[in-house]
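Peer 1: Sequential numbering of the sequence shown, starting at 27, is according to our numbering. Glycine included, C-beta positions come from ideal geometry on N, C-alpha and C.
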Amino acid sequence: SQVLVEEYNEFMELSDTQVSWISGLSPLGAFVGSILAPIPLRIFGPRGTILFLGGPIFLCAWL
């Protein structure tokens, strides 16, 4: 209903600074991840790395 939409919009208001931080963290994470990725790849292999890193990523996205 319209009342719920208005309450949700008030709860999720982001400032311009917050939006810029959120949009800037993705490329930063990709940069750091590309530097650190060879370490677990050598230890666990490609499949093990996906399984090892997929769990925490899934849990963070779910929260």
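1) Are the Cβ atoms of T75 and L62 separated by less than 7 Å?
2) For S49, which three-state DSSP category applies?
3) Give a yes or no on whether the C-beta atoms belonging to F84 and F78 are separated by under 7 Å.
Peer 2: With the given structure in hand:
1) no
2) helix
3) no
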